[in-house]
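Participant:
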Amino acid sequence: MHQLTLAEIARGLADKKFSSEELTKVLLARIAQLDPQLNSFISLTEDLALQQAKAADARRANGESGALLGAPIAHKDLFCTQGIRTSCGSKMLDNFKAPYDATVVAKLAAAGAVTLGKTNMDEFAMGSANESSYYGPVKNPWNLEYVPGGSSGGSAAAVAARLLPAATGTDTGGSIRQPAALTNLTGLKPTYGRVSRWGMIAYASSLDQGGPLARTAEDCAILLQGMAGFDPQDSTSIDEPVPDYSAGLNGSLQGLRIGVPKEYFSAGLDPRIADLVMASVEELKKLGAVVKEISLPNMQHAIPAYYVIAPAEASSNLSRFDGVRFGYRCEDPKNLEDLYKRSRGEGFGPEVQRRIMVGAYALSAGYYDAYYLKAQKIRRLIKNDFMAAFNEVDIILGPTTPNPAWKLGAKNSDPVAEYLEDVYTITANLAGLPGLSMPAGFVDGLPVGVQLLAPYFQEGRLLNVAHQYQQNTDWHTRTPTGF
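Read in the UniProt record's numbering, the sequence shown has 333 at position 333, and its numbers run on one by one without any break.
#1: Can you list, in chain order, the residues of its chain whose CB lies under 7 Å from that of A14, leaving out five sequence neighbours each side?
#2: Specify the secondary structure class of P399 as computed by DSSP and reduced to three states.
#3: I'd like the span of the beta strand (DSSP E) that includes G169, first residue to last.
#4: Can you find at least 3 beta carbon pairs, one from the region 262-276 and one from the region 357-375, that sit closer than 8 Å?
#5: Kindly give me the distance between the Cβ atoms of A74 and G117, rounded to whole angstroms, as I take these residues to be in contact under 8 Å.
#6: If you compare alpha carbons, which of M121, Q82, S413 is closest to A102?
#7: Would H476 pass as a contact of T186 if the rule is Cβ separation under 9 Å?
#8: Checking 9 Å against the spacing of the C-beta atoms, do I396 and H301 come in under that value?
#9: In this structure, how does DSSP classify residue 537 when only helix, strand and coil are distinguished?
#10: Rounded to whole angstroms, what is the Cα-Cα separation between G349 and A202?
#11: Using only CA atoms, which one of L430, T481, P190, G259 lies nearest to K383?
#12: Excluding sequence positions up to five away, which residues of its chain have a Cβ less than 8 Å from the Cβ of K262?
#13: Would you identify the three-state DSSP class for I84, choosing helix, strand or coil?
#14: Is the region 400-410 touching the region 318-336, taking contact as three or more C-beta pairs under 8 Å?
#15: Between the C-alpha atoms of S280 and N95, what's the straight-line distance to the nearest angstrom?
#16: Please tell me whether Y419 and M438 are closer than 9 Å, where the distance is taken between their beta carbons.
#17: Would P148 and A156 qualify as a contact pair, given that the criterion is a beta-carbon distance under 9 Å?
#18: Could you work out which residue in A428, M92, A410 is closest to D385 when comparing CA atoms only?
#19: Any chance you could list the beta strand (DSSP E) runs of at least 3 consecutive residues sitting entirely within the region 102-173, in chain order?
#20: Thinking just about the alpha-carbon of each residue, which of M121, G248, P72, A305 is nearest to the one in L27?
#21: Taking the C-alpha atoms as reference points, what is the distance between F79 and N412?
#22: By the 10 Å Cβ neighbour count, where 16 or more other Cβ atoms means buried, how is S319 classified, buried or exposed?
#23: Would you kindly report the start and end of the unbroken alpha helix (DSSP H) that includes P261?
#24: Taking L12 as part of the alpha helix (DSSP H), name the residues at either end of that continuous run.
#25: So, helix, strand or coil for V324, using DSSP?
#26: Hey, how far is the Cα of Q209 from the Cα of D77?
#27: Considering only residues of the same chain and omitting the five flanking positions on each side of S246, which have a CB-CB separation below 8 Å?
#28: Which of the three DSSP states is assigned to V281 in this structure?
#29: Determine, using beta carbons only, whether A310 and A204 come nearer to each other than 9 Å.
#30: Assuming G127 contacts S151 (C-beta within less than 8 Å), just tell me the rounded distance between them.
#31: DSSP three-state label for F386, please.
#32: How many Å lie between R342 and R354 at the Cα?
#33: Mapping the DSSP letters down to three states, classify V291 as helix, strand or coil.
#34: Please classify A267 as buried or exposed, where buried requires at least 16 neighbouring CB atoms within 10 angstroms.
#35: Counting C-beta neighbours from all protein chains within 10 Å, is the total for M200 16 or more, i.e. buried, or is it exposed?
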């Protein structure tokens, strides 16, 4: 059962081949057996899962149907879940039980999804390797000595190891797409505002976006269908109709215009990944697509702009964690200043502290214009590059990451080297565009992903292209040894 995709589970439940309760018990046993190797979960919710599975079976018995009704999933541990620990991978929130459900959690629960637990993540979603978690690093199931990517690495590792068919993630600078690439999954970052951020603990509010991680584009379409939609509780949510993503999967790619930016193929890209990217281009050409070289001239400025904007927003968002209202509080504070300093110093890990300091500096008097304002102007130039490109092409294709996964601890002493792994993904967040990573091959036994970008609200087009590619390749079906 653990090898079934979301789509196959939906068909199996509809045909009464198994019940949601049976499937849930199988997967919970599998997590208990295998997750100690991976550390992909922070919390398991066995009682809730079995209760939800029984309720889903009862709903099906009463004639209800739905692709997510009875389907087991997990949530990245920054989606608030009522009465369940929501830690954000941090000591700061180790004891925090959310008093309400995030909109994404509530929507998926209403659709009948079964929550198996909360997945491990980089602390406050700050990282590209899933090594900054208070609960320890997540291991990549393709090689347990390597990182799974971050910050949604727990969700990615759990799905890649077949502990469950799909999971939610969030993407601030590539945190769905990059771990998807490094673990052989399909991961989708929707258009900014497509999925509600209400109840999603913020890292950088103008960049964060929730989305699905699964093995196939078809499964991502099913999960996104349940997550997407306008939410009046979220001021950044956009009131735009949600199409039937699954209905558009089988559209022809005849005449589809694919742009390949020349800037993607610089010295920083592993040439073996470049070869796999071009092989995927040839595959799409066989399906009728037309390919042309394009230019994104301001891409070189994306990383410095992002690493001013994101930490600036983080320093503001994380100021609420002060030891006063909720979360970690230091022992025996001498006075209010001591309470603030020691609660934050003891509650936040080194990477979070680093980004808070960078962000506070960029926003400080005398430096705001020099750094933050300039970064926002670069952000506009990057968006303008995309708008010009999308006048010529329908989607943009390139590598998701410049390198395959690296060994645990290999980049801990050089944060900038880790930041550079996001070079191809962060532009979509700066511009607010939808992006998808899909499996495209292996380098030294480690998975490699290809990224697709599309104009605003064209998630359906990305899913269509990825699905057609997956109908003609088998990379996405490969399973890590031992899982």
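C-beta atoms are modelled at their ideal positions from N, C-alpha and C, and glycine is treated no differently.
Facilitator: In terms of the structure at hand:
#1: S65
#2: Secondary structure of P399 (DSSP, three-state): strand.
#3: 166-170
#4: no
#5: 5 Å
#6: Q82
#7: In this structure, T186 lies closer than 9 Å to H476 by Cβ.
#8: no
#9: The requested residue 537 does not occur in the structure, where the chain is confined to residues 1 to 483.
#10: 16 Å
#11: Distances from the CA of K383 to each of L430, T481, P190, G259 were compared; the closest alpha carbon is that of L430.
#12: Taking K262 as the centre and dropping the five residues before and after it, the same chain places the C-beta of E293, I294, S295 closer than 8 Å to its C-beta, in chain order.
#13: coil
#14: Contact fails: fewer than three Cβ-Cβ distances are below 8 Å.
#15: In this structure, the CA atom of S280 is about 46 Å from the CA atom of N95.
#16: no
#17: yes
#18: Selected option, being the one with the closest Cα: A428.
#19: 114-119, 166-170
#20: P72
#21: 27 Å
#22: exposed
#23: Unbroken run through P261 is the beta strand (DSSP E), 257-261; no alpha helix (DSSP H).
#24: According to the sequence as given, residue 12 is Gly; it is not Leu. Going by DSSP, G12 is part of the alpha helix (DSSP H) stretching over 6-14.
#25: coil
#26: For Q209 and D77, the distance between alpha carbons rounds to 14 Å.
#27: A67, E218, A221, I222, Q225
#28: helix
#29: yes
#30: Contact flag correct, Cβ pair sits at about 5 Å.
#31: helix
#32: Approximately 16 Å between the Cα atoms of the pair.
#33: strand
#34: exposed
#35: With at least 16 other beta carbons inside 10 angstroms of its own, M200 counts as buried.
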